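**Q**
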Amino acid sequence: MVYICVVNPAILAAGGIPAGAAFTATCLSAAFGCILMGLLAGLPVALAPGMGINAFIAYTLCQSMAWQTAIGCVAVSGVIFLGISLTPLREKLIEAIPDSLRRGAAAGIGVLLGLVGLKNASIVAANPATIVGEGALGSPPALIAVAGLAVIVALEGRRVAGSVLVAVACCAAGAVGLGLHPWEGVFASPPSLAPTLLVADWRAALEPGMLAAILALLWSDFFDTAGTLVGVTRAIPGPDGDIKPAQMRKAMLADAVATLFGACVGTSTVTSFAESAAGVAVGARTGLAACTTGVLFLVALFFYPLTSSVAPFATTPALLFVAASMMKALAGLDWDDVTEWVPAITTVLGIGLCFSIASGVGIGAIVYVIGKFLSGRQRDIPLGLALVAVLFVLKVALLPQS
Numbered sequence: 028m029v030y031i032c033v034v035n036p037a038i039l040a041a042g043g044i045p046a047g048a049a050f051t052a053t054c055l056s057a058a059f060g061c062i063l064m065g066l067l068a069g070l071p072v073a074l075a076p077g078m079g080i081n082a083f084i085a086y087t088l089c090q091s092m093a094w095q096t097a098i099g100c101v102a103v104s105g106v107i108f109l110g111i112s113l114t115p116l117r118e119k120l121i122e123a124i125p126d127s128l129r130r131g132a133a134a135g136i137g138v139l140l141g142l143v144g145l146k147n148a149s150i151v152a153a154n155p156a157t158i159v160g161e162g163a164l165g166s167p168p169a170l171i172a173v174a175g176l177a178v179i180v181a182l183e184g185r186r187v188a189g190s191v192l193v194a195v196a197c198c199a200a201g202a203v204g205l206g207l208h209p210w211e212g213v214f215a216s217p218p219s220l221a222p223t224l225l226v227a228d229w230r231a232a233l234e235p236g237m238l239a240a241i242l243a244l245l246w247s248d249f250f251d252t253a254g255t256l257v258g259v260t261r262a263i264p265g266p267d268g269d270i271k272p273a274q275m276r277k278a279m280l281a282d283a284v285a286t287l288f289g290a291c292v293g294t295s296t297v298t299s300f301a302e303s304a305a306g307v308a309v310g311a312r313t314g315l316a317a318c319t320t321g322v323l324f325l326v327a328l329f330f331y332p333l334t335s336s337v338a339p340f341a342t343t344p345a346l347l348f349v350a351a352s353m354m355k356a357l358a359g360l361d362w363d364d365v366t367e368w369v370p371a372i373t374t375v376l377g378i379g380l381c382f383s384i385a386s387g388v389g390i391g392a393i394v395y396v397i398g399k400f401l402s403g404r405q406r407d408i409p410l411g412l413a414l415v416a417v418l419f420v421l422k423v424a425l426l427p428q429s
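The numbering used here numbers the first residue of the sequence shown as 28 and each following residue consecutively.
1. Who are the near neighbours of phenylalanine 348 in its chain, counting only those whose CB is closer than 7 Å to its CB and skipping five residues on each side?
2. May I ask which residues mark the beginning and end of the alpha helix (DSSP H) holding glutamate 367?
3. Note down the Cα distance separating leucine 414 from leucine 120, rounded to an integer number of angstroms.
4. Less than 7 Å between the C-beta atoms of alanine 283 and glycine 105, yes or no?
5. What residues are listed by DSSP as bridge partners for asparagine 81?
6. According to DSSP, simplified to helix, strand and coil, what is proline 167?
7. In three-state DSSP terms, what is serine 336?
8. Which residue comes first and which comes last in the beta strand (DSSP E) that contains isoleucine 397?
9. Please report the distance separating the alpha-carbon of tryptophan 94 from that of proline 71.
10. Going straight from the alpha carbon of serine 219 to that of alanine 48, what length do you get?
11. Does glycine 206 come out as helix, strand or coil in the three-state DSSP assignment?
12. When DSSP labels each residue in this structure, what does glycine 43 get in the three-state scheme?
13. Does the segment 329-349 come within contact of the segment 207-216, defined as at least 3 CB pairs closer than 8 Å?
14. Name the DSSP bridge partner or partners of glutamate 234?
15. Determine, using beta carbons only, whether alanine 172 and alanine 148 come nearer to each other than 7 Å.
16. Kindly list the residues whose CB is nearer than 8 Å to the CB of glycine 42, restricted to its own chain and excluding five residues on each side of it in sequence; keep chain order.
Right, here's the structure in full:
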C-alpha cells in the first residue's frame with residue numbers, strides 16, 4: 028500500500044489541494060485508520076484514502092467548487108456514515124448481502140487487484156477498440172513482474188514463508204538496478220500540514236446543492252468498506268474467516284471515524300483497502316497486522332524518498348497472486364441456481380471493470396433482486412438487499428458519473 032503515499036497526493040493536487048500537505052495528511056489519516064481498525068475491530072484490514080473516490084473528488088468536485096468545500100463534503104459524509112454505523116440500519120444492510128454476492132465481492136476484489144497489477148507492469152493497456160488490450164509484454168517491467176510472480180509460486184509450492192515480500196523486494200531492487208525507476212534516497216522531513224489542516228468548509232458543504240455529492244461519497248465509502256471487509260475476511264482460512272456481526276459494527280465505526288479524521292487533516296475519503304488481502308495471503312489474521320501497517324504509515328512520513336523508490340510494477344507479483352487466491356471464493360457458489368451464480372458473476376465483473384467495489388455490489392444487488400422477483404422467488408429477497416438496490420439506482424440517477 029506504500030504507493031498510496033505517492034499517488035493520492037498527486038491526484039489531489041490536480042484538484043488544487045497542496046501536494047506536500049496532502050502527502051502528510053495521507054500518511055496521518057492512513058495511520059490513524061489502520062491503528063483504530065486494529066485496536067477496535069481486531070481485523071487485519073488496512074485503511075487509507077481511497078483510490079477512485081480521490082479522483083472523483085479531484086477531477087469532478089474540485090472542478091465545480093473550491094477544494095475546501097469538497098473536503099467539507101467528505102467531512103459531512105463521514106458524519107453521516109458515523110451516524111449510520113451507530114444504528115441497526117448498518118447491520119441490516121450488511122447482513123442482507125447474500126452469500127453468493129459476498130463470494131462475488133471477494134472474487135471481484137481479486138479481479139480489481141489483478142487489473143491494477145497488470146496495468147502497473149504494462150502487461151495490459153487501454154485500447155479504444157477493445158477497451159482493454161495487450162500492453163508492452165516484452166518490456167522489462169512486464170518481464171520482471173512475471174518473473175516475480177513465478178518466484179512467488181515456486182516459493183509457495185515449497186512452503187517458504189514470506190514469498191510475496193521476497194518477490195516484491197527482488198522486483199524493486201531489479202527496477203532500480205536496471206535504471207527503470209529512480210533511487211530517490213531514504214530520509215526527508217515531512218511537509219507541513221498547515222495548508223490543509225482544519226480548512227474543510229462545512230458551511231458550503233451543507234448547502235442543498237451539495238446533497239448529490241455527499242450521497243455519492245457516502246455510497247462509495249459505505250459499500251467499498253462493506254465489500255472489502257466481507258471479501259478480505261472471507262479469504263482468511265479456518266474459523267477466523269467470514270466477519271462476525273460485532274466485528275463488522277466496530278470496523279464500520281472505525282472507517283467512519285477515520286474518514287472524519289481524514290477530512291480534518293485535509294485528505295479524501297478514508298476507506299478499507301482491498302490490498303489488505305495481500306497481508307492475509309502471507310499470514311495476517313488479527314488487528315496486529317492493521318496496527319503494524321498504521322505504524323509503518325507513520326514511519327513513511329520520514330521515508331518519502333524511499334517509498335518513491337519502489338516502482339509500481341514491483342508490487343504486481345503480489346497483486347496477481349492475491350487476485351488468484353481470492354478467485355477461489357467462487358468455488359462455493361451454487362452453480363445449479365441461476366438466480367445465485369449470475370448475480371455473483373455480475374458482481375465480479377462490475378467490481379473489476381467499473382473499478383469500483385461499491386458499483387459492483389450495487390449492480391449485483393439489482394440483478395439479484397430482479398432475478399429473484401421475476402422467477403417467482405420473492406421470499407428469497409432480503410429486504411435490506413432490496414433497499415441497497417434502490418439506493419444504488421438513486422445514486423446513479425442523482426450523480427451518474429460518480
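Beta carbons: idealized from backbone N, C-alpha and C, even for Gly.
What you are looking at is a predicted structure, and each value in this text was computed from that prediction instead of being measured.
**A** Per the coordinate set shown:
1. Within the same chain, and ignoring the five residues on either side of phenylalanine 348 in sequence, the residues whose Cβ sits closer than 7 Å to its Cβ are Leu176, Ile179, Val191, Ala308.
2. 365-381 is the span of the alpha helix (DSSP H), which, as asked, contains glutamate 367.
3. Per the coordinates, the alpha-carbon of leucine 414 lies some 8 Å from the alpha-carbon of leucine 120.
4. Contact flag set, yes.
5. Asparagine 81 is not bridged to any residue.
6. In the three-state scheme derived from DSSP, where H, G and I count as helix and E and B as strand, proline 167 is classed as helix.
7. Here serine 336 carries a coil assignment [DSSP, helix/strand/coil].
8. For isoleucine 397, no beta strand (DSSP E) run applies; the uninterrupted alpha helix (DSSP H) run containing it begins and ends at 384-401, by DSSP.
9. Computed Cα separation, rounded: 32 Å.
10. Approximately 6 Å, taken between the alpha carbons.
11. Coil, per DSSP.
12. Residue state for glycine 43 is assigned as coil, using DSSP reduced to three classes.
13. Result yes; three or more Cβ-Cβ pairs closer than 8 Å.
14. Note: glutamate 234 sits in no beta bridge, so no partner.
15. It is a contact, given that the beta carbons lie within the stated cut-off.
16. Excluding residues within five positions, the ones whose Cβ falls inside 8 Å are Ile84, Ala85, Tyr86, Leu88, Cys89, Gln90, Trp94, Ala97.
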